[in-house]
Every structure is written in C-alpha cells, then in structure tokens.
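This report refers to the structure that appears directly beneath it.
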Amino acid sequence: MATSPPRLDDESLNSRLSSSTRPREWIKLNVGGTHFLTTRTTLCRDPNSFLCRLVQEDPELHTDKDENDAYLIDRDPTYFSPVLNYLRHGKLVINKDLAEEGVLEEAEFYNITELIKLCKERISQRDNRPPKSGKKHMYRVLQCHENELTQLVSTMSDGWKFEQLINIGSQYSYGSDDHTEFLCVVSREYSSSPSNHQCATDRADHLDLHNSKDCRKLQFMYNMSGSP
Numbered sequence: 002m003a004t005s006p007p008r009l010d011d012e013s014l015n016s017r018l019s020s021s022t023r024p025r026e027w028i029k030l031n032v033g034g035t036h037f038l039t040t041r042t043t044l045c046r047d048p049n050s051f052l053c054r055l056v057q058e059d060p061e062l063h064t065d066k067d068e069n070d071a072y073l074i075d076r077d078p079t080y081f082s083p084v085l086n087y088l089r090h091g092k093l094v095i096n097k098d099l100a101e102e103g104v105l106e107e108a109e110f111y112n113i114t115e116l117i118k119l120c121k122e123r124i125s126q127r128d129n130r131p132p133k134s135g136k137k138h139m140y141r142v143l144q145c146h147e148n149e150l151t152q153l154v155s156t157m158s159d160g161w162k163f164e165q166l167i168n169i170g171s172q173y174s175y176g177s178d179d180h181t182e183f184l185c186v187v188s189r190e191y192s193s194s195p196s197n198h199q200c201a202t203d204r205a206d207h208l209d210l211h212n213s214k215d216c217r218k219l220q221f222m223y224n225m226s227g228s229p
C-alpha cells in the first residue's frame with residue numbers, strides 16, 4: 002500500500018519557497034588574481050557602491066566570472082583588503098607598509114563614501130602631524146694630560162657631559178717625570194634641525210680629531226647619533 006507524502010503546513014512551505022528564491026549569501030571575488038570570500042551583506046554596506054551594484058547584478062555593469070564563479074575585478078588585491086575589512090567592521094585599518102593614498106584610490110574606485118572620507122582624514126592628520134623632536138647625541142674625543150683631567154671635567158659646560166676615559170699611556174717626558182695621557186670622550190644632545198648651525202660646527206670639530214695619531218692607533222670611531 003503506497004503512502005502519501007507528508008503534508009507541509011503553510012509556514013514550512015513559505016520557508017522553502019523563500020530559501021529557493023532568495024539570492025545566495027556567500028560571494029566570491031577574484032581581485033587581480035587573488036580570491037576573496039565574503040557575504041552579500043558585507044558588500045552591500047554602502048548601497049551606492051560599485052561592489053553592491055556588482056552583486057546585485059546591475060545591468061549597467063558588464064561583469065565576468067572566472068571558472069570558480071568568482072566576480073572578476075581588475076584591481077590591486079593588496080589595497081583591496083583594507084577596503085573589504087572596512088565593509089566588514091566599519092573601521093579603517095591600514096598596514097604600516099601600505100600608503101593611505103593607495104587605499105583612498107581604491108575607495109574612490111569602489112565609490113564607498115564613508116571610507117573615502119576616513120582616508121582623507123587620515124592623510125590630513127598624517128601630513129599635519131608635528132615632526133618628532135630630532136634629538137641626537139654628538140661625541141667628541143679630547144686628548145689631555147693626567148694633570149689636566151680634573152680641570153677638564155669640572156669646566157665642561159654648554160650641555161657637555163663626561164662619557165668615557167681611555168688611558169693611552171706615557172707619550173712624552175717632561176724633565177725627569179713621565180706624564181700619562183688620556184683620551185676623554187664627552188657627549189652632548191643636539192637637535193637635528195637644519196637651522197642648528199652651531200651643531201654643524203661641532204661636527205666639523207669632531208671629525209678633525211679622527212686624523213690624530215692616537216685615534217688611528219686605537220682604531221675607534223664614534224657614531225654621531227648613538228653611543229660610543
């Protein structure tokens with residue numbers, strides 16, 4: 002005896018009809034050869050954008066698909082990622098190796114109004130940000146006798162401070178006594194601003210000392226912006 006199929010109530014029937022007629026939620030994109038998987042809801046965050054019109058299959062857009070049924074878009078996939086992430090969560094996140102101008106160009110191409118505004122604000126903030134204080138250290142090497150050390154250290158001024166003392170031994174005799182000589186390393190902070198002419202003079206004085214016999218013998222050099 003054949004059995005008749007179970008009857009569907011009105012709610013179940015409407016649910017099935019709705020699921021068969023509503024558009025597919027997951028969307029595949031092929032942007033410059035890189036595949037992205039996202040949702041129709043994400044791409045339609047801005048209803049006036051190119052992406053929303055694309056998935057709605059706007060007849061004015063002549064679009065093609067690849068063999069994986071992904072929409073083909075001839076754009077840079079690297080700069081598409083920040084665009085897609087913005088559509089997902091509404092925040093502009095740009096990796097440090099990407100330029101804001103590149104993301105702006107993509108936002109304008111896809112016609113995402115709020116993203117365009119955010120990119121322009123980010124660029125404006127970046128360009129108007131005050132420069133970091135260019136504080137660096139300058140080092141000088143001073144050669145002095147043993148009996149001059151106390152006076153040298155006590156009379157340092159204009160921001161100079163003692164860093165290191167190197168004994169280079171006895172270099173000459175005065176009467177019956179040998180006199181030990183030292184290389185005294187001192188440092189001072191200076192601004193890297195081009196208008197700081199005094200620092201340029203100090204740097205020239207510093208470089209002249211590299212030609213001395215003692216500096217060549219010890220073979221040491223001092224980084225103008227680091228530690229000795």
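Numbering of the sequence shown is given in this note's numbering, commencing with residue 2 and proceeding in unit increments.
Every residue gets a Cβ at the ideal spot worked out from N, C-alpha and C, and that includes glycine.
>> Based on DSSP bridge pairs, tell me the residues matched to residue 39.
In response: In the DSSP secondary-structure assignment, residue 39 is bridged to 28.
> How would you label residue 118, buried or exposed, when you count the other beta carbons within 10 angstroms and need 16 or more for buried?
Replying inline: exposed
>> Taking contact to mean 3 or more Cβ pairs, one atom from each stretch, closer than 8 Å, check whether the segment 73 to 84 and the segment 106 to 121 are in contact.
In response: yes
>> Spatial neighbours of residue 66 within its chain, please: C-beta separation below 7 Å, excluding the five flanking residues on both sides.
In response: Excluding sequence neighbours, residue 66 sits near 72, 73.
> Using the C-alpha atoms, what's the distance from residue 89 back to residue 191?
Replying inline: 47 Å
>> For residue 153, which residues in the same chain have their Cβ closer than 8 Å to its Cβ, ignoring the five residues on either side in sequence?
In response: 143, 145, 185
> Can you tell me whether DSSP reads residue 113 as helix, strand or coil?
Replying inline: Here residue 113 sits in coil by DSSP.
>> Does residue 50 pass the burial test, meaning 16 or more other C-beta atoms within 10 Å, or should it be called exposed?
In response: Classification of residue 50: buried, given that the 10 Å Cβ count is 16 or more.
> Can at least three beta-carbon pairs, one atom from the segment 93 to 103 and one from the segment 43 to 61, be found at a separation below 8 Å?
Replying inline: no
> By DSSP, does residue 84 sit in helix, in strand, or in coil?
Replying inline: helix
>> Just list the residues that DSSP pairs residue 166 with in beta bridges.
In response: 185
>> Buried or exposed for residue 69, going by 16 or more other Cβ atoms inside 10 Å?
In response: exposed
> beta strand (DSSP E) containing residue 73: first to last residue?
Replying inline: Following the DSSP letters along the chain, one finds residue 73 inside the beta strand (DSSP E) bounded by residues 72 to 74.
> Thinking just about the alpha-carbon of each residue, which of 181, 183, 31, 121 is nearest to the one in residue 78?
Replying inline: 31
> DSSP state of residue 190, grouped into three classes?
Replying inline: strand
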